[in-house]
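Engineer: For what it's worth, the numbering used here labels the leading residue of the sequence shown as 3, then goes sequentially.
Beta carbons: idealized from backbone N, C-alpha and C, even for Gly.
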Amino acid sequence: MTETHSKSRQQAEIAFGATQSQFFAKGHAVEEMNSIVEAREDKTMRLREARLAKELQDSLVPAKKSASRRIKKA
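1) Under a three-way DSSP split, which group does K8 fall into?
2) Between the alpha carbons of A41 and Q59, how many angstroms are there, rounded?
3) Out of curiosity, what's the CA-to-CA distance linking S23 and E51?
If you want it as structure tokens, here you go:
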């Protein structure tokens, strides 16, 4: 079915299509930004957990070394 519309209707359809395209493009951009922010937050959390685990491990290792030194000196 081919419908012929008036010139003003065709222009309105084109304008509406352009508006719809902009609307969906903005929505896509927002989704993309949200995914970038979420990925950054996940990476930050993983790095923070790794840093805290390393700090804990480092704080335990010197305690063991100093205790072994005391035993050897005695």
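Structural biologist: Taking the geometry as given:
1) The sequence position of residue 8 within the sequence shown is 6, counting from 1. The amino acid occupying residue 8 in the given sequence is Ser; Lys does not appear at that position. Coil, per DSSP.
2) Here the question's residue 41 lines up with position 39 in the sequence shown. Here the question's residue 59 lines up with position 57 in the sequence shown. Going by the C-alpha atoms only, they are around 27 Å apart.
3) As a first step, residue 23 must be located in the sequence shown, where it is residue number 21. As a first step, residue 51 must be located in the sequence shown, where it is residue number 49. Rounded to whole angstroms, S23 to E51 spans 42 Å at the Cα level.
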